[in-house]
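All letters in the sequence shown, in the order written, are residues 1 to 414 by UniProt numbering.
The structure under discussion appears below in the form of structure tokens.
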Amino acid sequence: MRRDPRDHPARAAGCARPTTPGTTQCGPVPSAADSGPGRSARPSTARGPARKHRRARACVRERPAGPHARRRARRCEGARPRYKPWVPRSSVVIVSPSLADANNGNWQTARRWAQLLRREHAVRIVTRWPDEHAPRDHAMLALHAFRSAPSIQAWSAARGSQRLAVVLTGTDLYGEFADRPETAHSLSLATRLVTLQDQAFAALPPALRAKAAVVYQSTTARRALAKSPRQLRAVAVGHLRPVKDPATLFAAAGLLADREDIELLHVGEAAGEWEQQARGVMAACPRYRWLGPLPHARARDLIQRAHVLVHASVAEGGAHVVMEAVRSGTPVLASRIDGNVGMLGAGYGGYFPAGDPHALAALLIRCRTEQKQAPASGLLARLRAQCDARAPLFDPEAERRALLNLVHDLLTPP
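Here it is, written out as structure tokens:
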């Protein structure tokens, strides 16, 4: 009489054949001693995920002979738990003096950093810390040493000077807040200091440079567009306020008033005296146009379509629009200040002295002249090649890696 193979203990356990007495490829054969009172020593033949997982825990890696046994062994080896264990993520709070309604550089940086970090960390953006969610926060990234000073001091009082990174802006380093005691106190409390360009180290006190690191800002790359050879279009993007030095652009527009082949577009919010001056320049210089504030996407489109970006600031920590121009294939004419040199490089050929409208006008005229005479080898072409060489610094993946390294350093015990 043929014996039912299911009666064999090795088959009942889901294996092909026994090896040594009392064992199978899937583990020892249960005995009566292993069973509780009133229980059968025969393994359960119930099907479903529970049985599959028991086999996965019991199976060994030795491959039995025979095609059916190999298939059964592969099923054992391929068994996986149905659910992954839940692992809590660290919470990072970004303190920004400005939110979306301001649409300025601080907000753009805060929003972008939150997007880059959310894959690995829980991230939120606030203007002031602490709030009702403060107990959940594990690390703080504070934008602007002076304007975020109350939040920086509150974090230090509650958590000590640990897991706190302070991001230095242009006004913290070079502008009106550089010598304020609140700024110096924020720098002393920080675990790490973050600059947005590599020339900022020289502006830090020597004792603080060891805890500083550079995180270059980033943006997506845009295809360089073919530009019309009939004129030179220059665009300036930035709210009209003293640190952006719109007066230099106004004066340069006046010097170019008789040039019909050079157009100046000016994007940015203005109020009071600055608005009156912008309207006055438009009336006197037909080729200058102040467009007012525009959505970020529209401003980026103008940068992409321009022949050159003009950035005349007298103080910058690392201008977002400079990086956007570089990633859009648009050369930059920039004031020679640390914030611009740290992004474009010391050997860049498109600098003019800060506050010098004559030098800016001369550069624009040279760009236009060589655009007509030697478009493939003129100043615009050379500046674009230099910008293309700097573009990888501003790649989003490079910024993401730098941010993850920063947060990892903050969360790692000293």
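Idealized CB from N, CA, C, for every residue including glycine.
Subject >> Inter-stretch contact at 8 Å, needing at least 3 Cβ pairs: the segment 122–131 / the segment 91–107 >> reply: Because the criterion of three Cβ pairs below 8 Å is met, the segment 122–131 and the segment 91–107 touch.
Original post:
Given a threshold of 16 other Cβ atoms within 10 Å of its Cβ, counted over all protein chains shown, does P246 qualify as buried or as exposed?
Top reply: In the sequence shown, the residue the question calls residue 246 occupies position 246. With 16 or more other Cβ atoms within 10 Å, it is buried.
Subject >> Spatial distance of R390 from E132 (CA atoms) >> reply: Reading the sequence shown from its first residue, position 390 is the one you call residue 390. Reading the sequence shown from its first residue, position 132 is the one you call residue 132. Cα to Cα, the separation comes out at about 42 Å.
Subject >> Nearest-angstrom Cβ-Cβ length linking D172 and G317, presumed shorter than 8 Å >> reply: Numbered from its first residue, the sequence shown carries residue 172 at position 172. Numbered from its first residue, the sequence shown carries residue 317 at position 317. Separation of the CB atoms of D172 and G317 is rounded to 7 Å, and the pair is thereby assigned contact status at 8 Å.
**OP:** Would you identify the three-state DSSP class for F201, choosing helix, strand or coil?
**Re:** On the sequence shown, position 201 is the one that residue 201 refers to. Correct three-state label for F201: helix.
Subject >> Beta-carbon gap between S151 and A122 smaller than 7 Å >> reply: As a working mapping, residue 151 is identified with position 151 in the sequence shown. As a working mapping, residue 122 is identified with position 122 in the sequence shown. No, they are not a contact pair.
Subject >> Local conformation of Q315 per DSSP, three classes >> reply: Start at 1 with the first residue of the sequence shown, and residue 315 comes out as number 315. The question names Gln, yet the displayed sequence has Ala at residue 315. Assignment of A315 by DSSP, reduced to helix, strand and coil, places it in the coil class.
Original post:
Okay, do the segment 284–291 and the segment 206–226 touch, 3+ Cβ pairs below 8 Å being the bar?
Top reply: No, the segment 284–291 does not touch the segment 206–226.
Original post:
Under the DSSP definition of a beta bridge, which residues are partnered with R233?
Top reply: Along the sequence shown, read from residue 1 onward, the residue named residue 233 stands at position 233. When DSSP reads this structure, R233 sits in a beta bridge with E263.
Original post:
With distances taken from CA atoms, which of G175, P357 and W290 is nearest V314?
Top reply: Here residue 314 refers to the residue found at position 314 of the sequence shown. The shortest C-alpha separation from V314 is found at G175.
**OP:** With DSSP collapsed to three states, give me the class of C15.
**Re:** Here residue 15 is taken as the residue at index 15 of the sequence shown, counted from 1. Residue confidence for C15 is low, a pLDDT of 44 falling below 50, so the modelled location carries little weight; the figure read from the coordinates is stated next. Note: C15 maps to coil in three-state DSSP.
Original post:
Within this structure, are the beta carbons of F352 and L360 separated by less than 7 Å?
Top reply: Indexing the sequence shown from 1 puts residue 352 at position 352. Indexing the sequence shown from 1 puts residue 360 at position 360. Yes, Cβ-Cβ distance for F352 and L360 is below 7 Å.
Original post:
Taking the continuous beta strand (DSSP E) assigned at V123, which residues delimit it?
Top reply: Locating residue 123 in the sequence shown gives position 123, where the first residue counts as 1. Looking at the DSSP string, the run of the beta strand (DSSP E) that includes V123 is A122 to V126.
Original post:
Nearest to residue 491 by alpha carbon, out of V237, G329 and A334?
Top reply: One cannot answer for residue 491 here, as it falls past the ends of the chain, which runs 1 to 414.
**OP:** Give a yes or no on whether the minimum CB-CB distance between L333 and chain C is below 7 Å.
**Re:** Here chain C cannot be found, since the structure has a single protein chain.
**OP:** Pick out whichever of F177, E182, F146 and T191 has its Cα sitting closest to the Cα of R159.
**Re:** Taking the first residue of the sequence shown as position 1, residue 159 is located at position 159. Checked all of F177, E182, F146 and T191; the closest Cα to R159 is T191.
Original post:
Is the Cβ-Cβ distance between Q304 and E263 less than 7 Å?
Top reply: For the purposes of this step, residue 304 is identified with residue 304 of the sequence shown, where counting begins at 1. For the purposes of this step, residue 263 is identified with residue 263 of the sequence shown, where counting begins at 1. No. Outside cutoff.
Original post:
Thinking C-beta only, is L333 closer than 7 Å to G345?
Top reply: Residue mapping note: residue 345 aligns to position 345 of the sequence shown, counting from 1. Residue mapping note: residue 333 aligns to position 333 of the sequence shown, counting from 1. Their beta carbons are not under 7 Å apart, which means G345 does not touch L333 by this criterion.
Subject >> Same chain only: Cβ atoms within 6 Å of E370, ignoring 5 sequence neighbours per side >> reply: As a first step, residue 370 is located in the sequence shown; it is residue number 370 there, counting from the start. Excluding sequence neighbours, E370 sits near G378 and L379.
Original post:
By the 10 Å Cβ neighbour count, where 16 or more other Cβ atoms means buried, how is P413 classified, buried or exposed?
Top reply: Counting from 1 along the sequence shown, the entry for residue 413 is found at position 413. Classification of P413: exposed, given that the 10 Å Cβ count is below 16.
**OP:** Quick one: give me the first and last residue of the alpha helix (DSSP H) that G170 is part of.
**Re:** Working through the sequence shown from its first residue, we reach residue 170 at position 170. First-last of the alpha helix (DSSP H) with G170: G170 to L173.
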